[in-house]
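Below is one structure, written out as structure tokens; comments come after it.
In our numbering, the protein residues as written are 22 to 114.
The structure is reproduced here in structure tokens:
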């Protein structure tokens, strides 16, 4: 299940970009951080939520079908992805 581990790691990186973009928007200093904001907002704003949903669903399905073990999919990163997914869903609704 190396593809699932890779997908979880990429999703985590995008989620970190989402959180950085969220903090930058809250500080309202987009002019100061313009060079970072452009890159971060693409990964965090466009890619993070859909990728995180797909990754979490695939991981849960693989765990329920016993195709993967919880210890093999980076449990800490997976749990952080789920927490950030809940935050993303809260902000979208």
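Virtual Cβ for every residue (Gly too), placed ideally from N, Cα, C.
The C-alpha of residue 33 is placed about 12 angstroms away from the C-alpha of residue 25. In this chain, the alpha helix (DSSP H) harbouring residue 76 covers 69–85.
Here residue 80 is actually not in contact with residue 98; their C-beta atoms are around 10 angstroms apart, not less than 8 angstroms.
If you draw a 10 Å sphere on the C-beta of residue 92, you find fewer than 16 other C-beta atoms in it, and that means exposed. The shortest C-alpha to C-alpha distance from residue 28 to any of 53, 102, 108 is the one to 102. In the structure shown, residue 26 adopts helical secondary structure according to DSSP, grouped into three states. Straight-line spacing of the CA atoms in residue 106 and residue 100 works out to 10 angstroms. For residue 40, the closest alpha carbon among the candidates 64, 90, 96 is that of 64.
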